[in-house]
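K.L.:
Numbering (the working numbering), first residue to last: 35 to 95.
What follows is the structure, encoded as structure tokens:
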């Protein structure tokens, strides 16, 4: 696994998210606004991080 974005939205509680990457990136967020920002940052990181852009990785999905 190179990276992941895990979002949890338990009923009646504050949603949380965690973005991890093989490069050592590990960021958490709480609440809708922070999760939205983390989602955008995670998507951007996927475009610039070299291991995500290897041809053999892109074809596997």
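All residues carry an ideal CB built from backbone N, CA and C; glycine is no exception.
State the DSSP-derived secondary structure class of residue 75, mapped to helix, strand or coil.
P.N.:
Stepping through the chain shown from its first residue, residue 75 is reached at position 41. In the structure shown, residue 75 sits in a helix (DSSP, three-state: H, G or I).
K.L.:
Given a cut-off of 8 Å, decide if residue 64 and residue 48 are closer than it, judged by their beta-carbon atoms.
P.N.:
Taking the chain shown and counting its residues from 1, one reaches residue 48 at position 14. Taking the chain shown and counting its residues from 1, one reaches residue 64 at position 30. Yes, Cβ-Cβ distance for residue 48 and residue 64 is below 8 Å.
K.L.:
Taking C-beta to C-beta, are residue 37 and residue 54 nearer than 8 Å?
P.N.:
What you label residue 37 is simply residue 3 of the chain shown in a count that begins at 1. What you label residue 54 is simply residue 20 of the chain shown in a count that begins at 1. Taking 8 Å as the Cβ cut-off, residue 37 and residue 54 qualify as a contacting pair.
K.L.:
Ignore the nearest five residues each way along the sequence and tell me which others in residue 57's own chain have a CB closer than 7 Å to its CB.
P.N.:
For the purposes of this step, residue 57 is taken as the residue at position 23 of the chain shown. Closer than 7 Å at the Cβ level, and outside the excluded window around residue 57, lie 83.
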